[in-house]
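Residue numbers (the UniProt record's numbering): 1 to 204.
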């Protein structure tokens, strides 16, 4: 006979809390020896194919203040538009490229930095090609559920104009929140959690 548990109250939802780095990036908080290096720290292997780029940015709150305790993950295709995933059926992805990275925002500046390659175009579900892009996942204290967004490239304007996901964004003035700016070192992509420049987030 099952016990009636209707008297129990639902627990409060939890944010990532100040301990997310301990579990996901132990050496970042001084816990050495758990992994040879934090998982996701290095995306590029020897002989990686494609244009190597640096992506730098900050996660900014509604007051314009960069978060210094956020964690950012990215997932992307390789230079040929193939994913390093068991579900990839179109071909063999570059074995020297992980396709996935994880970084903490810097405790002083709030900057995150990824050394990666510029991805190739990948097909949408109906076969139309998507513009080159990188998927982002952001978590930090005060965020109950990780936030999903995308980075598109400023110098891929023609492909961006034809991208089927960008075309679905109703308020066209917000598309710019997904466009990374070209810099001397690579690309700059700031993620705004709130405010007039709030980044477009996706419900996945």
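Glycine is no exception: its CB is placed at the ideal position from the N, C-alpha and C atoms.
For residue i, three-class secondary structure by DSSP
| i | result |
| --- | --- |
| residue 123 | strand |
| residue 187 | strand |
| residue 1 | The predicted position of residue 1 is uncertain, since its pLDDT is 48 and thus under 50; a value taken from the coordinates is nonetheless stated next. Coil. |
| residue 176 | helix |
| residue 133 | strand |
| residue 72 | strand |
| residue 166 | helix |
| residue 148 | strand |
| residue 138 | strand |
| residue 66 | strand |
| residue 21 | helix |
| residue 56 | strand |
| residue 159 | helix |
Given residue i as reference, the closest of the options once Cα atoms are compared
| i | options | result |
| --- | --- | --- |
| residue 58 | 138, 148 and 143 | 138 |
| residue 106 | 42, 66, 189 and 24 | 66 |
| residue 97 | 47, 131, 127 and 130 | 47 |
| residue 198 | 55, 61, 77 and 89 | 61 |
| residue 77 | 121, 36 and 68 | 121 |
| residue 213 | 123, 54 and 68 | The structure shown has nothing for residue 213, since the chain only spans 1 to 204. |
| residue 54 | 204, 184, 193 and 200 | 184 |
| residue 189 | 165, 135, 25 and 203 | 135 |
| residue 39 | 166, 51, 108 and 24 | 24 |
Counted within 10 angstroms of its Cβ, other Cβ atoms place residue i as buried (16 or more) or exposed
| i | result |
| --- | --- |
| residue 173 | exposed |
| residue 117 | buried |
| residue 132 | buried |
| residue 163 | buried |
| residue 8 | exposed |
| residue 1 | Residue placement at residue 1 is poorly supported in this model, since its pLDDT is 48, which falls under 50; the coordinates still yield a value, given next. Looking at its Cβ environment, which holds fewer than 16 other Cβ atoms inside 10 Å, residue 1 is exposed. |
| residue 180 | buried |
| residue 33 | exposed |
| residue 187 | buried |
| residue 21 | buried |
| residue 166 | buried |
| residue 178 | buried |
| residue 130 | buried |
Any non-hydrogen atom of the ligand FAD closer than 8 angstroms to residue i Cβ
| i | result |
| --- | --- |
| residue 161 | With respect to the ligand FAD, the structure shown offers nothing to examine, as it has no ligands at all. |
Under 9 angstroms between C-beta atoms of residue i and residue j
| i | j | result |
| --- | --- | --- |
| residue 119 | residue 79 | yes |
| residue 41 | residue 128 | no |
| residue 99 | residue 83 | yes |
| residue 28 | residue 140 | no |
| residue 153 | residue 144 | no |
| residue 155 | residue 176 | no |
So, does the segment 66-78 touch the segment 104-112, judging by three or more C-beta pairs under 8 angstroms? yes
Decide yes or no for the touch test of the segment 136-156 against the segment 88-96: beta carbon pairs closer than 8 angstroms, at least 3 of them. With a cut-off of 8 angstroms, the segment 88-96 and the segment 136-156 do not count as touching, because too few Cβ pairs lie within range.
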